[in-house]
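Chemist: Numbering (UniProt numbering), first residue to last: 1 to 90.
Glycine included, C-beta positions come from ideal geometry on N, C-alpha and C.
If you're wondering where the values come from, they're calculated on a predicted model, not measured in any experiment.
What follows is a structure written as structure tokens; I'll ask about it next.
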């Protein structure tokens, strides 16, 4: 399937977490500032908790969904690919 990109863009673009494939693809571009800010310990814990739920075939209870009525196929596990791209390009 085609996975929706879950992109943390420091609030710059729309944010959604719908499960659309048998894996999750995340891009973390900055917690407070796009491409320039790091992540606090609290923010990393929050992402870790979300990733763990997705990896175990579940969905976070507070997931931001485009279609809250869609129920993804239940899985015992799911691959989660998470990339940090939050550094200043010089």
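Quick check on the burial criterion: 16 or more other C-beta atoms within 10 angstroms. Buried or exposed for residue 2?
Modeler: Position 2 of the chain shown, counted from the start, is the residue given in the question as residue 2. Counting Cβ neighbours within 10 Å, residue 2 comes out exposed, since fewer than 16 surround it.
Chemist: By a C-beta neighbour count over all protein chains shown, 10 Å radius and 16 as the cutoff for buried, is residue 54 buried or exposed?
Modeler: Sequence index remark: in the chain shown, residue 54 carries index 54 (1-based). Under this definition residue 54 is a buried residue.
Chemist: Using the Cβ count rule (16 or more neighbours within 10 Å means buried), how would you classify residue 19?
Modeler: The sequence position of residue 19 within the chain shown is 19, counting from 1. So residue 19 counts as buried.
Chemist: Name the residue from 22, 50 and 17 whose alpha carbon lies nearest to the alpha carbon of residue 5.
Modeler: The residue labelled residue 5 in the question sits at position 5 within the chain shown. For residue 5, the nearest C-alpha among the options comes from 17.
Chemist: Looking at the unbroken alpha helix (DSSP H) that takes in residue 55, where does it start and where does it end?
Modeler: Reading the chain shown from its first residue, position 55 is the one you call residue 55. Residues 41-55.
Chemist: Mapping the DSSP letters down to three states, classify residue 5 as helix, strand or coil.
Modeler: As a working mapping, residue 5 is identified with position 5 in the chain shown. Strand at residue 5.
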